[in-house]
Amino acid sequence: MNGCRHWMSRNLVARRSALGVGAALLLLLGVWANKTLLAPTLPVLESGVLLPVSRQIQAFSLVSDTGPFTPTDLLGHWTLIFAGFTHCPEVCPTTLAQIKTAKAMLGPEPVKRLMVLFLSLDPERDTPERLARYTRHFDPDFRSATGTNAQLDSLAANLGLVFLKQIDPQSGQPVIDHSAQLVLINPDGRLAGYLIPPFSPETLAADLKSILKISP
Amino acid sequence: MKLPLLALALALSTTLASPAVVGCPGLIVEAPKIMEPPPEAGVLAGYARLRNPSDAELRLTGADSADFASVEFHSMSQVDKALRMRPEKQLSIPAHGELDFSPGKLHIMLFKPGKDFRPGDSVKLNLYCGRDSLSADFKVTAR
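If you read the protein sequences in the order shown, they are chains H and R. The opening position of the first sequence corresponds to residue 246 in this note's numbering, with each subsequent residue numbered one higher. The opening position of the second sequence corresponds to residue 4 in this note's numbering, with each subsequent residue numbered one higher.
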């Protein structure tokens with residue numbers, strides 16, 4: 246009798262454990278389904294792509310003219326990141342000017358949900374203050390930041406950007422080959438997609454309007 | 004006696020075999036402009052369309068300006084997801100052809116401006132074709 250009771254007790258514990266594990270699995274399945282299968286359909290962009298599932302960005306610590314710039318600064322709004330440097334004669338000022346024009350087409354409410362960040366890949370020449378003066382020439386609300394070369398290497402790789410620093414043999418000046426795409430970070434501070442050149446202010450504005458309508 | 008004649012023959016044959024390269028005076032510079040620089044910009048970009056109306060190839064070998072420390076020609080290409088700028092020491096404009104300095108392709112890089120430039124300012128650039136040169140006024144243009 247005692248053996249039988251012991252067997253029944255063990256069997257009950259096993260069944261309760263199995264039920265617990267099953268419930269946990271169902272909960273996880275429900276969360277996954279909610280985030281993927283039931284997630285709102287992402288818009289199709291004219292000049293870019295949104296990732297089906299956003300990606301976590303590794304911790305980073307940059308510096309801006311107002312102090313540290315960290316992942317916390319990416320929360321609560323969409324962020325458009327463009328990486329370049331102030332000694333870039335063409336692509337960088339052209340792209341920042343296009344973003345400025347596109348931003349002006351968004352309207353006052355959508356604009357509040359967007360931050361534009363110019364990330365300098367040239368910390369040797371682009372101090373945070375110099376960088377801010379350059380960036381705010383395009384739009385006083387544009388933010389800027391830079392970091393050590395190690396930090397920039399790590400962040401660029403994490404964001405899918407590439408850059409290469411070399412010395413121009415004729416002028417002796419550093420030149421930086423770099424990605425020209427814009428990185429989209431969602432209000433959760435996660436990598437959400439890319440806008441890919443060539444750009445026009447009209448297509449940028451259309452895509453940004455679509456992006457800013459996405460529910461958090 | 005035979006050697007000078009041989010040298011002359013060789014020189015003539017070389018001249019006749021390859022088309023002559025004219026100097027800059029025949030060159031036409033259309034819509035020359037320099038884009039308005041942001042503050043702290045250490046390098047500016049210039050654009051223009053160069054037309055060669057002559058019957059011979061024209062070779063652009065350099066440029067300079069009293070308003071900049073140095074001036075170079077640069078091309079742009081996409082390599083491995085990155086935009087790459089490279090200096091071009093010489094640029095050829097074929098007979099009756101054009102060379103287009105325009106965004107995303109070729110541009111004139113102007114290093115270390117000697118002063119701040121604003122839209123409406125004019126910058127004199129000297130374009131060299133070997134020993135010949137041509138000056139053109141590039142207007143600073145708002146973006």
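Glycine included, C-beta positions come from ideal geometry on N, C-alpha and C.
Closer than 7 Å by beta-carbon distance: list the chain R residues that pair up with residue i, in chain order.
i, result
"A342 of chain H", "R146"
By the 10 Å Cβ neighbour count, where 16 or more other Cβ atoms means buried, how is residue i classified, buried or exposed?
i, result
"N55 of chain R", "buried"
"A69 of chain R", "exposed"
"V25 of chain R", "Caution is warranted here: a pLDDT of 48 is assigned to V25 of chain R, below 50, making its placement in the model unreliable, and no coordinate value can be reported."
"V46 of chain R", "buried"
"K458 of chain H", "exposed"
"D318 of chain H", "buried"
"T311 of chain H", "exposed"
"T17 of chain R", "No answer about T17 of chain R holds up, because its pLDDT of 46 lies below 50 and its placement is not dependable."
"D452 of chain H", "buried"
"D398 of chain H", "exposed"
"Q2 of chain R", "Nothing can be reported for residue 2 of chain R, as the shown portion of chain R is limited to 4 through 146."
"S125 of chain R", "exposed"
"D422 of chain H", "buried"
"L464 of chain H", "Outside the shown range of chain H (246 to 461) lies residue 464 of chain H, about which nothing can therefore be said."
"Q411 of chain H", "exposed"
"P373 of chain H", "buried"
"G267 of chain H", "exposed"
"G117 of chain R", "exposed"
"A145 of chain R", "exposed"
"S309 of chain H", "buried"
"L464 of chain H", "A query on residue 464 of chain H cannot be resolved here, the shown segment of chain H reaching from 246 to 461 and no further."
"Q343 of chain H", "buried"
"G123 of chain R", "exposed"
"P414 of chain H", "exposed"
Below 6 Å CB to CB, which residues in the same chain sit around residue i once its five sequence neighbours on both sides are set aside?
i, result
"A425 of chain H", "V336 and P442"
"L90 of chain R", "According to the sequence provided, residue 90 of chain R is Pro. The question's Leu does not apply to it. Answer for P90 of chain R: E75 and H77, listed in chain order."
"A72 of chain R", "F114 and K115"
"A139 of chain R", "V32, P35 and L128"
"T448 of chain H", "E291 and S292"
So which residues of chain R does residue i contact, with C-beta pairs closer than 8 Å?
i, result
"V222 of chain H", "The structure shown does not extend to residue 222 of chain H, since chain H is modelled only from 246 through 461, so no value can be given for it."
"T339 of chain H", "M38, P106 and R146"
"V420 of chain H", "M88"
"P443 of chain H", "G107"
"F383 of chain H", "P41"
Near residue i, which residues of its chain fall below 8 Å by C-beta distance, leaving aside the five closest residues on each side in sequence?
i, result
"P432 of chain H", "L320, G321, H322, W323, R358 and P461"
"R370 of chain H", "F330, T331, H332 and P419"
"P368 of chain H", "T391, G392, T393, N394 and L397"
"T380 of chain H", "L341, F363, F387, R388 and S389"
Give the residues of chain H in contact with residue i, contact being defined as C-beta atoms less than 7 Å apart.
i, result
"K84 of chain R", "V407 and S424"
"E43 of chain R", "T331, R375, R378 and Y379"
"V46 of chain R", "H332 and P334"
"F120 of chain R", "Simply none; closest approach about 13 Å."
Can you list the residues of chain R that residue i reaches, using a CB-CB cut of under 9 Å?
i, result
"Q415 of chain H", "S73, E75, P90 and K92"
"H322 of chain H", "What H322 of chain H touches in chain R: nothing, since even the nearest Cβ is about 24 Å away."
Kindly list, in the order they appear in chain H, the residues whose Cβ is closer than 9 Å to that of residue i.
i, result
"H110 of chain R", "P334 and E335"
Between which residues of its own chain and residue i is the CB-CB distance below 7 Å, once the five residues before and five after are set aside?
i, result
"L86 of chain R", "M79"
"G438 of chain H", "G293, V294, L295, L296 and L429"
"T346 of chain H", "P446"
"R375 of chain H", "T331"
"L264 of chain H", "none"
For residue i, go through chain H and note every residue whose CB falls closer than 8 Å to its CB, in chain order.
i, result
"F114 of chain R", "S416 and Q418"
Less than 7 Å separating the Cβ of residue i from some heavy atom of the ligand NAP?
i, result
"L376 of chain H", "With respect to the ligand NAP, the structure offers nothing, as it holds no ligand at all."
For a minimum of 3 consecutive residues, which ranges assigned as the beta strand (DSSP E) are wholly contained in the region 312-343 of chain H?
Entirely contained in the region 312-343 of chain H, the beta strand (DSSP E) runs reaching 3 residues are, in chain order, 312-314 and 323-329.
For the pair the region 120-133 of chain R and the region 412-431 of chain H, tell me if three or more CB-CB distances fall below 8 Å.
Three or more Cβ pairs closer than 8 Å define a contact, and the region 120-133 of chain R falls short of that threshold against the region 412-431 of chain H.
Can you confirm whether the region 348-355 of chain H touches the region 396-403 of chain H when touching is taken to mean that 3 or more C-beta pairs between the two stretches lie within less than 8 Å?
These segments do not touch.
The region 34-41 of chain R touching the region 78-88 of chain R, judged by at least three CB pairs closer than 8 Å:
Two segments are said to touch when three or more pairs of C-beta atoms, one from each, lie closer than 8 Å; by this definition the region 34-41 of chain R does not touch the region 78-88 of chain R.
Check whether the region 381-388 of chain H and the region 287-302 of chain H touch, using three or more Cβ-Cβ pairs below 8 Å as the test.
As far as the Cβ criterion goes, the region 381-388 of chain H does not touch the region 287-302 of chain H, which means the pair count is below three.
Residue ranges of each alpha helix (DSSP H) run of no fewer than 4 residues wholly in the region 372-399 of chain H, ordered along the chain?
Here the runs fully enclosed are 373-383.
Unbroken beta strand (DSSP E) runs of length 3 or more, entirely within the region 97-125 of chain R: which are they?
Those beta strand (DSSP E) runs which fall completely within the region 97-125 of chain R and span 3+ residues are 101-104 and 109-116.
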